[in-house]
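Residue numbers (our numbering): 28 to 103.
Put into structure tokens, the structure is as follows:
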């Protein structure tokens, strides 16, 4: 095994090194929004949660993008 192969992530971890265009990210975001609307349409009890559960989920899901943003923002 060469050094280049040893440093490359293997298996599912390769996903984290992928690069996507702005359009791809926007389309993925739109897909997530409409998947949420579909889930609410099909399973109405999901709408009965208190507001703070949605906020907890929002913060949990945005931690990785925010950490990535700030690490790139403050790097020299």
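Backbone N, C-alpha and C fix where the C-beta goes; we use that ideal spot for every residue, glycine too.
What number of angstroms, rounded off, separates the C-alpha of residue i from the C-alpha of residue j?
i          : j          : result
residue 47 : residue 64 : 25 Å
residue 45 : residue 91 : 15 Å
residue 53 : residue 81 : 21 Å
residue 57 : residue 37 : 29 Å
residue 55 : residue 34 : 29 Å
residue 86 : residue 97 : 15 Å
residue 83 : residue 75 : 15 Å
residue 69 : residue 62 : 10 Å
For the alpha helix (DSSP H) containing residue i, name the first residue and the last one.
i          : result
residue 40 : Counting along the chain, residue 40 falls outside any alpha helix (DSSP H), and DSSP gives it neither H nor E.
residue 68 : 49-69
residue 74 : Segment: none, residue 74 is in no alpha helix (DSSP H) and carries neither H nor E.
Throw me the rounded Cβ distance for the residue i and residue j pair, which I believe falls under 8 Å.
i          : j          : result
residue 73 : residue 67 : 6 Å
Apart from the five residues on each side of it in sequence, which residues of its chain come closer than 7 Å, Cβ to Cβ, to residue i?
i          : result
residue 99 : none
residue 94 : none
Taking only beta-carbon atoms, is residue i less than 8 Å away from chain B?
i          : result
residue 66 : Note that chain B does not occur in the displayed structure, where there is just one protein chain.
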